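S.K.:
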Amino acid sequence: MAVCTGCSLLCEDIEAALKTGAIEKAKNLCRKGQSHFKSLFAERSEIRVEGKEVSLDSAIEKSADILRNAKSLLLYGWSNSSLEAQRAGIELAKKLEAEIDDTSSFCQGLLLERVIKGQLPTCTLDDTRNFADVSLFWGSDPANSHPRHLSRFSYYPRGTKRQKGYEEDRTCILIDVRRSSTARLCPEYFRVLPGGDAEMIEAIKMVLEGKIPRFGDKKRIIELGTLLRKAEYGVIFPGLGLVYSLAQRMDLFESLVEKLNGISNYKVVPMVGHYNMRGFNQLLFDETGHINRVSFRKGVNHGQEYSVVAAAKKCDACLVIGSDPLSALPFGTAHSLAKSKLIAIDPHRSLTTDAAKVVIPSAIYGLEAGGTALRMDGIKIDFEPIVESTWPSDEEILKRIDEAI
Ligand code: SF4
Numbered sequence: 075m076a077v078c079t080g081c082s083l084l085c086e087d088i089e090a091a092l093k094t095g096a097i098e099k100a101k102n103l104c105r106k107g108q109s110h111f112k113s114l115f116a117e118r119s120e121i122r123v124e125g126k127e128v129s130l131d132s133a134i135e136k137s138a139d140i141l142r143n144a145k146s147l148l149l150y151g152w153s154n155s156s157l158e159a160q161r162a163g164i165e166l167a168k169k170l171e172a173e174i175d176d177t178s179s180f181c182q183g184l185l186l187e188r189v190i191k192g193q194l195p196t197c198t199l200d201d202t203r204n205f206a207d208v209s210l211f212w213g214s215d216p217a218n219s220h221p222r223h224l225s226r227f228s229y230y231p232r233g234t235k236r237q238k239g240y241e242e243d244r245t246c247i248l249i250d251v252r253r254s255s256t257a258r259l260c261p262e263y264f265r266v267l268p269g270g271d272a273e274m275i276e277a278i279k280m281v282l283e284g285k286i287p288r289f290g291d292k293k294r295i296i297e298l299g300t301l302l303r304k305a306e307y308g309v310i311f312p313g314l315g316l317v318y319s320l321a322q323r324m325d326l327f328e329s330l331v332e333k334l335n336g337i338s339n340y341k342v343v344p345m346v347g348h349y350n351m352r353g354f355n356q357l358l359f360d361e362t363g364h365i366n367r368v369s370f371r372k373g374v375n376h377g378q379e380y381s382v383v384a385a386a387k388k389c390d391a392c393l394v395i396g397s398d399p400l401s402a403l404p405f406g407t408a409h410s411l412a413k414s415k416l417i418a419i420d421p422h423r424s425l426t427t428d429a430a431k432v433v434i435p436s437a438i439y440g441l442e443a444g445g446t447a448l449r450m451d452g453i454k455i456d457f458e459p460i461v462e463s464t465w466p467s468d469e470e471i472l473k474r475i476d477e478a479i
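Heads up: the sequence shown runs through residues 75 to 479, numbered per our numbering.
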């Protein structure tokens, strides 16, 4: 069996046979996983220093040289890499007194921090399958982002206490600004206006207190509150829609979960996208007490000023691993990063590798390299390579750079 690192569900039941340039046979791979496996054969990056093809040794030496001489250094990315590589990266950041940040800084960090610190109650996906009678997706679209979520854990499967599955035992609720692909599968769809999540939370809380809601479609919100109130074991899966809408008002969501837990039993599992973002956040938290945005200059420092957005403006060198910030981040941040001495470690060609001074191709974890990662619910998953690769893993590359420094 192979493990798919296509998303943070890290499905462990994949049977795949590969031949040169194609997937010959595959079982249990969703369409997103298929694309991930096919990426073995597409747009691989090449070793480059300032656009010229060089040996791996030269690229390692050049990277070590850039990192050693940087006055303000940022190490960024990490979410598509193994725990072992992330650990090596944190050690490197400590050694170089660098700033280190990951993609959570720009997405699910606000929620994950609360889960990791124990401020929001959480559970595993296996608990969801076995016990949950209500799954609430809020600002998330698992049908596209995590295509096997509903079938493996949250809606369709039979579980210890949920033997009748979705037909009788489970309710699937979606709160979103649009009728997404998931809305076609979830019978209970509730529309929220863009940016209206805070009002929606207030309205639900009023229903839970037995009052008439002041906001939104009162009849529908009373129906939603009644569904939530009836749950024996509810799990909320918040996505980026909710995070971006609430931003710094995440306390509101926390207060709703608290209220729901005064009535029933509710857990929260953030819909982490990248396959090992949770792993990096947990490792950095264990090391520093913070999940992202850390500077190791003269001890451990934490704050907004060490986020990728702020750090990009002042860093003169940046090592990017397991991420493509030049495509994903706002133009200003991408522009600043592109002006720095950029080192990109990535299995695939991207806008970031195209702009980088040094490009080091790496093996794809789960396909060409083994390691471990934390699933979106914090469960550790081991994976082995299923094909041979000539490329080193992220962990090997980081350790070689560390030695060269
Ligand atoms: S749901 Fe995610 S981990 Fe599972 S097969 Fe699809 S892409 Fe891979």
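Every residue, glycine too, gets a C-beta built ideally from N, C-alpha and C.
Because the structure is a prediction, the values reported are computed rather than measured.
#1: Can you give the Cα-Cα distance for Cys412 and Thr446, rounded to whole angstroms?
#2: Taking 7 Å as the line, does the beta carbon of His110 fall inside it for any heavy atom of the ligand SF4?
#3: Taking all protein chains shown into account, decide if Leu157 is buried (16 or more other Cβ within 10 angstroms of its Cβ) or exposed.
#4: What residues match up with Lys99 in a beta bridge as DSSP calls it?
#5: Any heavy atom of the ligand SF4 within a distance shorter than 7 Å of the CB on Pro221?
#6: Can the beta-carbon of Ala243 be found closer than 8 Å to that of Phe354?
#7: What are the residues that DSSP puts in a beta bridge with Asn375?
#8: Could you tell me the distance, in whole angstroms, from the CA atom of Ile164 to the CA atom of Gly239?
#9: Leu502 to Ala76, Cα distance in whole Å?
#10: List the residues that DSSP assigns as beta-bridge partners of Gly308.
#11: Have a look at Asp271, Phe405, Ser397 and flag the residue whose alpha-carbon is nearest the alpha-carbon of Asn154.
#12: Out of Val432, Tyr318, Ser369, Cys181, which has the shortest C-alpha to C-alpha gap to Glu120?
#13: With a Cβ-Cβ cutoff of 8 Å, do Met324 and Ser82 count as a contact?
#14: Examine the ligand SF4 and report whether any of its heavy atoms sits within less than 7 Å of the Cβ of Leu84.
#15: Roughly how many angstroms separate the alpha carbons of Ala305 and Arg161, rounded to a whole number?
#16: By how many angstroms is the C-alpha of Gly444 removed from the C-alpha of Asp456?
#17: Exposed or buried, what is Ser401 when buried is set at 16 or more other beta-carbons lying within 10 Å of its beta-carbon?
#18: Regarding Leu157 and the ligand SF4, is the C-beta to nearest heavy atom distance less than 7 Å?
#19: Which residue marks the beginning of the alpha helix (DSSP H) containing Glu242, and which one marks its end?
#20: Verify the contact flag: Cys78, CB atom, against every heavy atom of the ligand SF4, threshold strictly below 7 Å.
#21: Using the three-state DSSP reduction, which class does Thr446 fall into: helix, strand or coil?
#22: Quick check on the DSSP output: the beta strand (DSSP E) that includes Arg265 runs from which residue to which?
#23: Gly151 lies in the beta strand (DSSP E); which residues open and close that run?
#24: Can you look up Thr234 in the DSSP assignment and give me helix, strand or coil?
#25: Tell me which same chain residues have a C-beta within less than 6 Å of the C-beta of Trp465, skipping the five on either side of it?
#26: My assumption, with CB atoms under 8 Å, is that Val498 sits in contact with Thr245. Please give the rounded CB distance.
#27: For Leu416, count the other beta carbons within 10 Å of its own beta carbon; 16 or more makes it buried, fewer makes it exposed. Which is it?
#28: Just reading off the alpha helix (DSSP H) that Glu273 is part of, what are its end residues?
M.R.: With the given structure in hand:
#1: Locating residue 412 in the sequence shown gives position 338, where the first residue counts as 1. Locating residue 446 in the sequence shown gives position 372, where the first residue counts as 1. Correcting the residue identity first, residue 412 is Ala in this sequence and not Cys. Distance between the alpha carbons of Ala412 and Thr446 is about 31 Å.
#2: Residue 110 sits at position 36 when you count from the first residue of the sequence shown. Checking the Cβ of His110 against the ligand SF4 gives yes.
#3: Counting from one through the sequence shown, the residue named residue 157 turns up at place 83. Classification of Leu157: buried, given that the 10 Å Cβ count is 16 or more.
#4: Position 25 of the sequence shown, counted from the first residue, corresponds to residue 99. Ala91.
#5: Here residue 221 is taken as the residue at index 147 of the sequence shown, counted from 1. Flag set: Cβ of Pro221 near the ligand SF4.
#6: For this step, residue 243 is matched to residue 169 along the sequence shown. For this step, residue 354 is matched to residue 280 along the sequence shown. For clarity, residue 243 is Asp in the given sequence; the question names Ala instead. Taking 8 Å as the Cβ cut-off, Asp243 and Phe354 do not qualify as a contacting pair.
#7: Here residue 375 is taken as the residue at index 301 of the sequence shown, counted from 1. Partner(s): Ser369.
#8: The residue you call residue 164 lines up with position 90 of the sequence shown. The residue you call residue 239 lines up with position 165 of the sequence shown. Roughly 43 Å between the two C-alpha positions.
#9: What is shown of the chain runs 75 to 479, which leaves residue 502 out entirely.
#10: Indexing the sequence shown from 1 puts residue 308 at position 234. BP columns for Gly308 point to Val208, Tyr340.
#11: The residue given as residue 154 occupies position 80 in the sequence shown. Here the closest residue by C-alpha is Ser397.
#12: Position 46 of the sequence shown, counting from 1, holds the residue named residue 120. If we check each option's Cα against that of Glu120, Val432 comes out closest.
#13: Taking the first residue of the sequence shown as 1, we reach residue 324 at position 250. Taking the first residue of the sequence shown as 1, we reach residue 82 at position 8. Not closer than 8 Å, so no.
#14: On the sequence shown, position 10 is the one that residue 84 refers to. Answer for Leu84: yes, Cβ within range of the ligand SF4.
#15: The sequence position of residue 305 within the sequence shown is 231, counting from 1. The sequence position of residue 161 within the sequence shown is 87, counting from 1. Their backbone Cα atoms lie some 40 Å apart in a straight line.
#16: Numbered from its first residue, the sequence shown carries residue 456 at position 382. Numbered from its first residue, the sequence shown carries residue 444 at position 370. Whole-angstrom Cα-Cα distance: 8 Å.
#17: On the sequence shown, position 327 is the one that residue 401 refers to. It is exposed - the Cβ of Ser401 has fewer than 16 other Cβ atoms within 10 Å.
#18: As a first step, residue 157 must be located in the sequence shown, where it is residue number 83. Leu157 Cβ: outside cutoff for every heavy atom of the ligand SF4.
#19: For the purposes of this step, residue 242 is identified with residue 168 of the sequence shown, where counting begins at 1. Where Glu242 is concerned, the enclosing alpha helix (DSSP H) stretches over 239-242.
#20: Working through the sequence shown from its first residue, we reach residue 78 at position 4. Yes - the ligand SF4 has a heavy atom lying nearer than 7 Å to the Cβ of Cys78.
#21: Stepping through the sequence shown from its first residue, residue 446 is reached at position 372. Of the three classes helix, strand and coil, the one that applies to Thr446 here is strand, per DSSP.
#22: The residue given as residue 265 occupies position 191 in the sequence shown. 262-265 is the span of the beta strand (DSSP E), which, as asked, contains Arg265.
#23: For the purposes of this step, residue 151 is identified with residue 77 of the sequence shown, where counting begins at 1. Gly151 -> beta strand (DSSP E) spans 147-151.
#24: Counted from its first residue, the sequence shown places residue 234 at position 160. DSSP places Thr234 in coil when its eight states are reduced to three.
#25: On the sequence shown, position 391 is the one that residue 465 refers to. Excluding sequence neighbours, Trp465 sits near Pro435, Ser436, Ala437.
#26: The requested residue 498 does not occur in the structure, where the chain is confined to residues 75 to 479.
#27: Indexing the sequence shown from 1 puts residue 416 at position 342. Buried: at least 16 other Cβ atoms inside 10 Å.
#28: What you label residue 273 is simply residue 199 of the sequence shown in a count that begins at 1. Where Glu273 is concerned, the enclosing alpha helix (DSSP H) stretches over 271-282.
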